[in-house]
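For the working numbering, add 11 to where a residue sits in the sequence shown, where the first one is 1. Heads up, the beta-carbon is just placed ideally off N, CA and C, and yes, glycines get one too. Below: one structure, written as structure tokens.
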Amino acid sequence: MKFFYQVITTPTADTPGTTIALQFPEKRYFFGQISEGTQRACTERGVKLAYLTDVFLTGRMEWDNNGGLIGVILTLADGVASANTALEAMAREKQARQQKSGKSDKSDKKPPAKAKLEHGVPYAVRDGEAVAQRGTLTIHGGKNLAHTLATARRFVFRKGMPVFTREYDSESTAKKESAETEDPFEKPTWSDDNIKVWAMPIRPPTSLQPKEILRVAPQSPRKRSLDEFREEVTAQEAIDPRTRDQIIRQSVITDMFNSTWKLDALVETPLAEVKMPAVMFVRNPETRALEQYTGPAPGSNEPLPDIKVFVRQPWPGAAVEKIPPTTWCNEAVSYIVRNHDIRGKFDPKKAAELKVHKGKDFGRLTKGESVISEDKQTITPEMVLGPPRLGKGLAIIDLPSSEYVESLISRPEWKSPSVTTNLEAFIWILGPGVGDHPRLREFVASMPHCKHTVSSSDYCPNYLAMGSIAGSSVRMAQLRRDNYPVPVHDNVSLPQPGTRTHGSEVTVRNVQNSPFEAIEPGLIIDMEPNFDINRSEVVPRFNAIEAVQRIPVAVQKRMSTIDRRVKKEEFEEKLRQFRKDLPGADAEIITLGTGSSSPSKYRNVSSTLVHVPGYGYYLLDCGENTLGQLKRVFEPEKLREVLQNLRMIWISHLHADHHLGTASVIKAWFQENYPNGDSQTSAIETDMSKILQEKRLFLVSEENMIWWLEEYASAENFGFGKVIPLSAYPVIQNRALRTRFVYRHCRADGSFSNQEVETSNPRSTELSFDNESSPLTPLLRKATGLADLLTTKVSFSGDCRPSPSFAAIGHGSTVLIHEATFQDDMGVSAIAKKHSTTSEALEVGRRMEARAILLTHFSQRYQKVAHVEKNRPPAKRQETVVQPEQPDIPDNEPEEASQAATSNGYVPSFFATIKVEEKPQVKVPVVAAFDYMRIRVGDMPVAQAYAPAVEKLYDILERASEEDSEKQRQEKEKQEAAKMQEKMRRKAKHEKKSKAGASLADAEPTPAVPAEEMDLDKKSPVKRHSAWSASESESGWSTSGSDSEAEVRVRRNSRSPSRTVKRSS
């Protein structure tokens, strides 16, 4: 049985962690760190998650190591949901065919596929039938794994994907070590039919042991309290508190991924207790039918009637107000993995000695059947087997810092025959400087029979891990370097620039004289049948120099034409008029992630950085691996400056693609501004004026986001103690939309007094930017840098339908940054999925009278959107409606609320939408965003002018990618045809030998038909120009240059011939 390990990621800005896949024919395992960017790397390299059943997280349980875990689970769950949907569709089609042919359902004894599906069991489609997958997803890791997943209950929800957790720490594993056996590790920590796994939680000598949080019994439960979970546990007096808490957390996780909740479930609630925004219904007293409630709502300054309304019941996970608190833990988990011993082969000598009849009885024994010997004895298959082949072992060791080395080498597992027998290799996942430790090198030298490989920022360079976006970004930089910088990378330097050990002579010397072999993506460690290091599938590192030397002819033609246009007096006059009296002309917008839903090859998920000179940096949304995107845009020293001056993170809403990178950015900010950490204290600071005058990072979002940060802070010290989290509450006051901000006073670990009392909440302080009577208002403005709110105004939209309320509050904005998930021909899909089309986004900008519009958050189906035709009517075509997928958060909004403005323009509903019948007439610059794009507000007309060349480049890159895929497909078909030809040749040869004495025995064999001649319908290949060299005649883009050149060779440091437009001060 063949199985092997394959490297998926090593530490880079794109992929901060190390991920290893263990592949068996029918099952997959992940080992290592499922960090942010992991699922994008899987997409880039074509790694399928369908057979994934177990994830073994290494290292400490912190966001650096598990920040991509939620994304991987969601991708896997969506795959299961798609399979189930396909099965149901097939069942309906089958039933329709039976009805059409006149067959009775009774004649088919087999029930339809849908009837066979059981809730909570994942299925896969094979040969048109539903078969249960190999098992549910189990995640293994250190302490706080279940807590980390349970904190995400308010923004993660899926059905039919059972997820379980197994935690390993020093306390639980020590009990097994004390067993009175000759080899206490004879029984592994975990095993299945393929492998045995020994978990090794490693605690440094100075292990962090924070003070336990005082526990008190919950009282007065509201919503779904912890008591409800505790009632499910029988004989709870016999269960220790830790086990009880784990049961509660696992129950929450079960509700997150395997619930029977339905969206249309309504619950009757007092109006005053409804959390806004929410859709409310009341029952008509005459018809008893449900009607939407349109009266005064909670949060407004109008008196509320004392009535009950019906609201949609949240999914079970979100209904849990609190989960048991936990404490920080810095144990790092490693694993030793070994496959089961492989049974020996059939030994004919043994069978002959036992007097087994040759022939059929030999065959029966090889099939696992017992036989009767000549002397009437029963012979079992085990009696005629050769010696078994011992399973091979591999150790995956994660050491975050040097303080873990001594604890590792003193582990008792190294003395266990069960663990170390046939140990073939190590994969060392090392933090900066760990490979320099002399004791570690002594340990490595003591095991010369093992192959020692390493993944570390000291040994692996910061190459461009995402080749698709790297290729497009580098070529775009060649067109407009001012707007599209070359992503920061380095294929050579070790240790990586920007890391703690970079520039260390000791580390450089040790890397050069290393006992380790650095691993690379695609590297295979074969285990069976033979151990080997296989580099045949190693991914070549992206070569930026080669990429920039290939500029397509059609793109060069457009660039030449645009260069002439922007030099004309007419364009320069329009540019001067645009910049005239433009507030914040020097403000820069960096679009870090411009895609929606999930990361793709070309677009990461939502994140936009705004730099206002003299004030600082402001981050609008923070999708997964935003920190990695920042590292690609800024050199290490510049990134330090950005983090030192980052003032605020604004999270628009709780969808996972808008905020899963928040913890990493906060931690990077904390480490940069507090390199020595923060002195921990049990006291809670209640003086708000003192808090506002400290060096702190503001984070503004809805309350659920703030609660998530508080709960996660008890699992990791990521800098929460120096964050000012503000919950934003939209309210209607005096017939106008206003926002109030609330700060909750907590400790650095998110705890507060009487935390486990169900009805308790921390002390809070309300803040406002426009309350001139409050002494905190000027401190708030100064701390955020938003003192001059009317000077530069940026309006930002997350996921939303076109809102008249948003257009009103953003009136007069310098820049509108609006989502444009769908093109205009998919308007119905935009309504179904609560997003906006391009025209709807432009209409918001027109009503807002914004000076410029930046479109972002594109559906991943639009990889090359760059040019927006502002005034051209949309093309009419039949739309294929994209049905809503499972959202991260089931929405609580009406299908589509109509706009009902009063005579004075006041829109009373949060959910009113703008109806767009035709393309808006927009006269301001409109720019479509790409990842890594940098654009100054005053330069948006220039960026818009060059957009057609950028779009042409993306179009050609897409066609070139299709050409490459087609070539690979044809090559694969040739290889398969060659294999089939060889198989047929061997079969014919075997048949010839078996017909000894036949009349045709001496005849010449029929010559094999070449693979190319086997396809009788094959047509002569049509010679096509490469996408790179195609001569494309386009109206309006003609130049005097030749179209015949295959490509334009550009010198490495040459710049576009376009003139740089001088920016006004």
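Exposure label - L301; buried when at least 16 CB within 10 Å = To locate residue 301, count along the sequence shown from 1; it is residue 290. Around the C-beta of L301, fewer than 16 other C-beta atoms lie within 10 Å, and the residue is accordingly described as exposed.
Could you check what DSSP says for E342 in three-state terms: helix, strand or coil?
-> On the sequence shown, position 331 is the one that residue 342 refers to. Residue state, collapsed to three classes: coil.
Please name the residue or residues paired with V320 in a DSSP beta bridge.
-> Indexing the sequence shown from 1 puts residue 320 at position 309. Beta-bridge pairing links V320 to T280.
Beta-carbon separation of V676 and I660 under 9 angstroms?
-> In the sequence shown, the residue the question calls residue 676 occupies position 665. In the sequence shown, the residue the question calls residue 660 occupies position 649. It is a contact, given that the beta carbons lie within the stated cut-off.
For the region 338-348 against the region 53-70, are there 3 or more C-beta pairs whose distance is under 8 angstroms?
-> When C-beta atoms of the region 338-348 are compared with those of the region 53-70, three or more pairs fall below 8 angstroms, so the two segments count as touching.
State the start and end residues of the unbroken beta strand (DSSP E) segment that holds F175.
-> Here the question's residue 175 lines up with position 164 in the sequence shown. Element bounds for F175: V174 to E178.
Have a look at P336 and M101 and give me their C-alpha separation to the nearest angstrom.
-> As a position in the sequence shown, residue 336 is number 325, starting the count at 1. As a position in the sequence shown, residue 101 is number 90, starting the count at 1. When rounded, the distance between both Cα atoms is 46 angstroms.
Once you ignore the five residues that flank I206 on each side, which residues in its own chain have a CB closer than 6 angstroms to its CB?
-> Walking along the sequence shown from the start, residue 206 turns up at place 195. Here the set comprises V348 and N350.
Contact check, A481 vs L475 under 8 angstroms by CB: the rounded distance?
-> Numbered from its first residue, the sequence shown carries residue 481 at position 470. Numbered from its first residue, the sequence shown carries residue 475 at position 464. At roughly 4 angstroms, the Cβ-Cβ gap stays under 8 angstroms, so A481 and L475 are in contact.
Can you tell me the Cα-Cα spacing of L315 and E332, whole angstroms?
-> Within the sequence shown, numbered from 1, the residue matching residue 315 stands at position 304. Within the sequence shown, numbered from 1, the residue matching residue 332 stands at position 321. Answer to the nearest angstrom: the Cα atoms are 25 angstroms apart.
Among the residues of its own chain, which have a CB less than 8 angstroms from the CB of G444, if the five just before and after it don't count?
-> Taking the first residue of the sequence shown as 1, we reach residue 444 at position 433. Its chain contains S412, S413, D469, R511, T512, S515 and T518 as the residues whose beta carbon lies nearer than 8 angstroms to that of G444, once the 5 sequence neighbours on both sides are disregarded; these appear in chain order.
Buried or exposed: which applies to P133, given that a residue is buried once 16 or more other Cβ atoms fall within 10 Å of its Cβ?
-> Position 122 of the sequence shown holds residue 133. Any answer about P133 is weak, because its pLDDT of 42 lies below 50 and its placement is not dependable; what the coordinates show is given next. Buried, since its Cβ has 16 or more Cβ neighbours within 10 Å.
Alpha-carbon spacing of L737 relative to R872, whole angstroms = As a first step, residue 737 is located in the sequence shown; it is residue number 726 there, counting from the start. As a first step, residue 872 is located in the sequence shown; it is residue number 861 there, counting from the start. About 35 angstroms.
Check whether the region 73-91 touches the region 704-711, counting contact only when three or more Cβ pairs, one atom from each stretch, lie closer than 8 angstroms.
-> Verdict: no, contact absent.
In terms of residue numbering, what span does the alpha helix (DSSP H) encompassing K678 cover?
-> Along the sequence shown, read from residue 1 onward, the residue named residue 678 stands at position 667. Where K678 is concerned, the enclosing alpha helix (DSSP H) stretches over T673 to N684.
Per DSSP, which one or two residues make a beta bridge with L748?
-> One-based indexing of the sequence shown puts residue 748 at position 737. L748 pairs with I743.
Which residue from F166, T86 and A276 puts its Cα closest to that of L148?
-> Here residue 148 is taken as the residue at index 137 of the sequence shown, counted from 1. From the listed residues F166, T86 and A276, the smallest Cα separation to L148 is found for T86.
Where does the unbroken alpha helix (DSSP H) through H477 begin, and where does it stop?
-> Along the sequence shown, one-based indexing puts residue 477 at 466. In the sequence on display, residue 477 carries Met and not His. Neither: M477 is in no alpha helix (DSSP H) and is coded neither H nor E.
Under the three-state DSSP convention, the category T49 falls into | Here residue 49 refers to the residue found at position 38 of the sequence shown. Reduced to three states, the DSSP call for T49 is helix.
Around the C-beta of P498, are 16 or more other C-beta atoms found within 10 angstroms, so that it is buried, or is it exposed?
-> For the purposes of this step, residue 498 is taken as residue 487 along the sequence shown, with counting starting at 1. Classification for P498: buried.
Three-state secondary structure (DSSP) at T1071?
-> If you number the sequence shown from 1, residue 1071 lands on position 1060. Low local confidence applies: a pLDDT of 34 at T1071 is under 50, so the model's placement there is unreliable, and no value is given.
State the DSSP-derived secondary structure class of Y470, mapped to helix, strand or coil.
-> Taking the sequence shown and counting its residues from 1, the one referred to as residue 470 is at position 459. Here Y470 carries a coil assignment [DSSP, helix/strand/coil].
Every unbroken beta strand (DSSP E) within the region 818-856, with a cutoff of 3 residues, ordered by chain | Complete beta strand (DSSP E) runs here, min 3: 826-830.
Hey, I828 and S806: beta-carbon distance below 9 angstroms or not?
-> The residue you call residue 828 lines up with position 817 of the sequence shown. The residue you call residue 806 lines up with position 795 of the sequence shown. Against a cut-off of 9 angstroms, the Cβ pair of S806 and I828 comes out as a contact.
DSSP state of M538, grouped into three classes?
-> Stepping through the sequence shown from its first residue, residue 538 is reached at position 527. In the structure shown, M538 sits in a strand (DSSP, three-state: E or B).
For D574, name the three-state secondary structure that DSSP assigns.
-> If you number the sequence shown from 1, residue 574 lands on position 563. Assignment of D574 by DSSP, reduced to helix, strand and coil, places it in the helix class.
Examine the Cβ distances between the region 746-756 and the region 773-783 and report whether three or more of them are shorter than 8 angstroms.
-> Yes: the two stretches touch, three or more of their Cβ pairs being nearer than 8 angstroms.
Which residue comes first and which comes last in the beta strand (DSSP E) that contains N545?
-> Locating residue 545 in the sequence shown gives position 534, counting from the first residue. Where N545 is concerned, the enclosing beta strand (DSSP E) stretches over D543 to N545.
Range of the contiguous alpha helix (DSSP H) that encloses R658 = Looking up residue 658 in the sequence shown gives position 647. Run containing R658: none in the alpha helix (DSSP H); it sits in the beta strand (DSSP E), L657 to W661.
In terms of residues, what are the limits of the alpha helix (DSSP H) holding Q110?
-> Looking up residue 110 in the sequence shown gives position 99. From DSSP, the alpha helix (DSSP H) with Q110 extends over L80 to S112.
For V753, which residues of its own chain have a beta-carbon under 6 angstroms away from its beta-carbon, when the five flanking residues on both sides are left out?
-> Here residue 753 corresponds to residue number 742 of the sequence shown, with the count starting at 1. Excluding sequence neighbours, V753 sits near S738, S775 and E777.
In angstroms, rounded to a whole number, what distance separates the CA positions of E977 and K985?
-> Indexing the sequence shown from 1 puts residue 977 at position 966. Indexing the sequence shown from 1 puts residue 985 at position 974. About 12 angstroms.
Should the region 955-973 be called in touch with the region 614-621, which here means at least 3 C-beta pairs below 8 angstroms?
-> The region 955-973, when compared against the region 614-621, does not touch it at the 8 angstroms Cβ threshold.
Excluding sequence positions up to five away, which residues of its chain have a Cβ less than 6 angstroms from the Cβ of A861?
-> Residue numbering aside, residue 861 sits at position 850 when the sequence shown is read from its first letter. Once the five neighbours on either side are set aside, the close Cβ partners of A861 are S824 and L827.
Alpha carbon of S547 to alpha carbon of W718, nearest angstrom = Looking up residue 547 in the sequence shown gives position 536. Looking up residue 718 in the sequence shown gives position 707. Their backbone Cα atoms lie some 48 angstroms apart in a straight line.
Taking buried to mean at least 16 other C-beta atoms within 10 Å of its own C-beta, is V278 buried or exposed?
-> Locating residue 278 in the sequence shown gives position 267, counting from the first residue. V278 comes out exposed.
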